[in-house]
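Novice:
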Amino acid sequence: MNRAMSHLKSLWAHAHPDSKRLQFIYLIGLGLIPFTILYAPFREWLGFGWWFLMWIYVIQYFAIKFDTVVYHRLFAHNLYTVKPWFERVLVLISPLLLQSYPAGYSWLHLRHHKYADQEGDPHPPVSKNRRRWNNLLFPFLTEPGPVEYKLVLPLMKRPLQTWIMKYYWPVTILYIVLIGLISYKFLFIWLMGTQLATFGGARFNTYAHQNDKMAMDDMHIKNPQVHSAVNLKNSWTVLLGGSGEKYHYMHHTYPRRWNLHPESDQGKLDQNAWIIDKLVRIGIAEVKTPI
1 MNRAMSHLKS LWAHAHPDSK RLQFIYLIGL GLIPFTILYA PFREWLGFGW
51 WFLMWIYVIQ YFAIKFDTVV YHRLFAHNLY TVKPWFERVL VLISPLLLQS
101 YPAGYSWLHL RHHKYADQEG DPHPPVSKNR RRWNNLLFPF LTEPGPVEYK
151 LVLPLMKRPL QTWIMKYYWP VTILYIVLIG LISYKFLFIW LMGTQLATFG
201 GARFNTYAHQ NDKMAMDDMH IKNPQVHSAV NLKNSWTVLL GGSGEKYHYM
251 HHTYPRRWNL HPESDQGKLD QNAWIIDKLV RIGIAEVKTP I
């Protein structure tokens with residue numbers, strides 16, 4: 001415990017200011033959920049009830065979907081493309097997720113793929129200095145490693161990416177003000193729901209890596225890679241995760257596949273690929289790989 005706490009302090013001291021801000025928002029949003037449930041005066045002021053919990057879950061669900069389909073499969077892995085006007089809309093609303101600008105997310109995630117479960121992984125499930133609770137409570141305090149900005153250079157050439165990186169916080173504050181003006185109750189619901197979604201992502205990063213596996217990526221990485229990702233179908237980690245990348249083993253083994261269903265060769269789609277398929281059918285998106 002002492003080593004983990006000392007390591008955590010070191011991560012905070014060297015963290016990027018954006019990471020510190022996001023971490024602060026995360027702890028507030030996540031902590032508000034039990035505080036609201038347990039502290040009667042605050043609960044009564046908000047008019048907290050079952051409807052409140054339902055809306056937190058709804059916001060959390062859609063945040064996970066946006067994170068998975070847009071941040072993960074579109075921006076980080078470029079598994080499909082969308083019309084330029086639609087991509088601009090996605091970039092402009094991305095601060096509503098409260099998970100950093102797309103380039104920041106993509107940079108960390110691609111580093112995770114390149115150094116999965118070894119030195120250089122920004123959020124290993126566990127190490128000599130890092131415990132699982134580090135990932136769950138402090139997901140934005142990631143491990144140092146190779147900078148490798150070249151991983152996101154292709155993304156930075158796409159519509160509005162440099163703009164949103166520069167103006168992420170002014171746009172975020174604008175959304176906070178607008179939502180607060182519409183309804184202070186919904187402001188709390190949005191904050192709790194988005195951070196519950198972040199917690200769901202932290203659970204995937206922590207518990208979706210369990211057993212040593214050898215991955216041969218037949219579409220992207222030409223050399224075998226060791227990773228410990230496992231599929232999480234019917235796992236408790238999927239319960240509040242909005243069915244994110246629960247086929248995590250499939251994703252780490254074949255990171256260039258837009259459809260991760262184990263029976264994709266039979267035409268079956270995972271839930272997130274289903275959304276992409278619908279975007280393709282209405283003419284907004286185009287997939288870049290055959291599966």
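Its first residue numbered 1, the sequence shown is counted upward by one per residue in our numbering.
Beta carbons are placed, not taken as given, at the ideal position from N, Cα and C, and that holds for glycine.
Note that the structure is a prediction, hence the values are computed from the model and not measured.
Mapping the DSSP letters down to three states, classify alanine 285 as helix, strand or coil.
Specialist: Within the sequence shown, numbered from 1, the residue matching residue 285 stands at position 285. Residue state, collapsed to three classes: strand.
Novice: What residue from Lys288, His261, Ser264, Tyr254 has the CA that sits closest to histidine 113's CA?
Specialist: Reading the sequence shown from its first residue, position 113 is the one you call residue 113. Minimum Cα distance to histidine 113 is reached at Tyr254.
Novice: Among Pro84, Gly120, Lys278, Met165, which residue has its Cα nearest to the Cα of leucine 98?
Specialist: Taking the sequence shown and counting its residues from 1, one reaches residue 98 at position 98. Out of Pro84, Gly120, Lys278, Met165, Met165 has the C-alpha closest to the C-alpha of leucine 98.
Novice: Put valine 82 into one of helix, strand or coil per three-state DSSP.
Specialist: For the purposes of this step, residue 82 is identified with residue 82 of the sequence shown, where counting begins at 1. DSSP, reduced to helix, strand and coil, places valine 82 within a strand of the structure shown.
Novice: For glutamate 87 versus arginine 158, is the C-beta distance shorter than 8 Å?
Specialist: Residue numbering aside, residue 87 sits at position 87 when the sequence shown is read from its first letter. Residue numbering aside, residue 158 sits at position 158 when the sequence shown is read from its first letter. Their beta carbons are under 8 Å apart, which means glutamate 87 touches arginine 158 by this criterion.
Novice: When DSSP labels each residue in this structure, what does tyrosine 247 get in the three-state scheme?
Specialist: Position 247 of the sequence shown holds residue 247. Tyrosine 247 falls in the strand class under three-state DSSP.
Novice: What residue from Val82, Pro34, Tyr39 has the CA that sits closest to valine 287's CA?
Specialist: Working through the sequence shown from its first residue, we reach residue 287 at position 287. Of the candidates Val82, Pro34, Tyr39, the one whose C-alpha sits nearest the C-alpha of valine 287 is Val82.
Novice: Check the C-beta distance from leucine 110 over to arginine 256 and give it rounded, since I have them as a contact under 8 Å.
Specialist: The sequence position of residue 110 within the sequence shown is 110, counting from 1. The sequence position of residue 256 within the sequence shown is 256, counting from 1. That pair is no contact at about 12 Å.
Novice: Can you tell me whether proline 159 is helix, strand or coil according to DSSP?
Specialist: On the sequence shown, residue 159 is found 159 positions in, with the first residue counted as 1. Three-state result, proline 159: coil.
Novice: Is DSSP giving arginine 88 helix, strand or coil here?
Specialist: Locating residue 88 in the sequence shown gives position 88, where the first residue counts as 1. If DSSP states are grouped into helix, strand and coil, arginine 88 belongs with the helices.
Novice: Output needed for aspartate 277: all residues of its chain with C-beta closer than 7 Å, excluding positions within five of it in sequence on either side, in chain order.
Specialist: Residue 277 sits at position 277 when you count from the first residue of the sequence shown. Excluding residues within five positions, the ones whose Cβ falls inside 7 Å are Leu269.
Novice: Ignore the nearest five residues each way along the sequence and tell me which others in phenylalanine 186's own chain have a CB closer than 7 Å to its CB.
Specialist: The sequence position of residue 186 within the sequence shown is 186, counting from 1. For phenylalanine 186, where only same-chain residues beyond five positions count, the Cβ hits under 7 Å are Ile179.
Novice: My guess is that aspartate 67 and alanine 197 are in contact by the Cβ rule of under 8 Å, so how many angstroms apart are they, rounded?
Specialist: Counted from its first residue, the sequence shown places residue 67 at position 67. Counted from its first residue, the sequence shown places residue 197 at position 197. The Cβ separation is near 7 Å, so the contact holds.
Novice: Please name the residue, chosen from Lys20, Leu96, Phe75, that lies closest to isoleucine 189 on a Cα-to-Cα basis.
Specialist: Here the question's residue 189 lines up with position 189 in the sequence shown. Taking only the C-alpha atoms, the option nearest isoleucine 189 is Leu96.
Novice: Just curious, the alpha helix (DSSP H) that alanine 13 is in, first and last residue?
Specialist: Looking up residue 13 in the sequence shown gives position 13. Alanine 13 -> alpha helix (DSSP H) spans 2-14.
Novice: Kindly list the residues whose CB is nearer than 7 Å to the CB of isoleucine 59, restricted to its own chain and excluding five residues on each side of it in sequence; keep chain order.
Specialist: The residue you call residue 59 lines up with position 59 of the sequence shown. So the qualifying residues of the chain are Ile189, Trp190, Gly193, Thr194.
Novice: Could you give the distance in angstroms between the alpha-carbon of phenylalanine 24 and the alpha-carbon of aspartate 265?
Specialist: Stepping through the sequence shown from its first residue, residue 24 is reached at position 24. Stepping through the sequence shown from its first residue, residue 265 is reached at position 265. Rounded to the nearest angstrom, the two C-alpha atoms are 43 Å apart.
Novice: Please look up how many angstroms separate the CB atoms of alanine 116 and histidine 14, rounded, as I've assumed it's under 8 Å.
Specialist: Locating residue 116 in the sequence shown gives position 116, counting from the first residue. Locating residue 14 in the sequence shown gives position 14, counting from the first residue. That pair is no contact at about 22 Å.
Novice: Using a Cβ-Cβ cut-off of 7 Å (strictly less than) and excluding sequence neighbours within five positions of threonine 36, which residues of its own chain qualify?
Specialist: As a working note, residue 36 is residue 36 in the sequence shown. Around threonine 36: Phe42, Arg43, Leu46, Phe48.
Novice: Put histidine 77 into one of helix, strand or coil per three-state DSSP.
Specialist: The residue labelled residue 77 in the question sits at position 77 within the sequence shown. Histidine 77: coil per DSSP, three-state reduction.
Novice: What are the boundary residues of the alpha helix (DSSP H) that arginine 130 is part of?
Specialist: Numbered from its first residue, the sequence shown carries residue 130 at position 130. Run containing arginine 130: none; DSSP gives neither H nor E here.
Novice: Give the DSSP-derived three-state secondary structure of arginine 203 in the structure shown.
Specialist: On the sequence shown, residue 203 is found 203 positions in, with the first residue counted as 1. The answer is helix: DSSP assigns arginine 203 an H, G or I state.
Novice: Could you have a look at glutamate 263 and say whether DSSP puts it in helix, strand or coil?
Specialist: Translated into positions along the sequence shown, residue 263 becomes position 263. Three-state result, glutamate 263: coil.
Novice: On a CA-only basis, which of Ile93, Arg132, Leu136, Phe140 is nearest leucine 108? Give me that one, please.
Specialist: What you label residue 108 is simply residue 108 of the sequence shown in a count that begins at 1. Closest option to leucine 108, judged by alpha-carbon separation, among Ile93, Arg132, Leu136, Phe140: Phe140.
Novice: Thinking C-alpha only, which one of Leu181, Ala103, Val177 is nearest tyrosine 149?
Specialist: Walking along the sequence shown from the start, residue 149 turns up at place 149. Nearest of Leu181, Ala103, Val177 to tyrosine 149, Cα basis: Ala103.
Novice: Look up leucine 190 in the DSSP assignment and say whether it is helix, strand or coil.
Specialist: On the sequence shown, residue 190 is found 190 positions in, with the first residue counted as 1. The amino acid at residue 190 is misidentified as leucine; the sequence shows tryptophan. Looking at tryptophan 190 - three-state DSSP - the assignment turns out to be helix.
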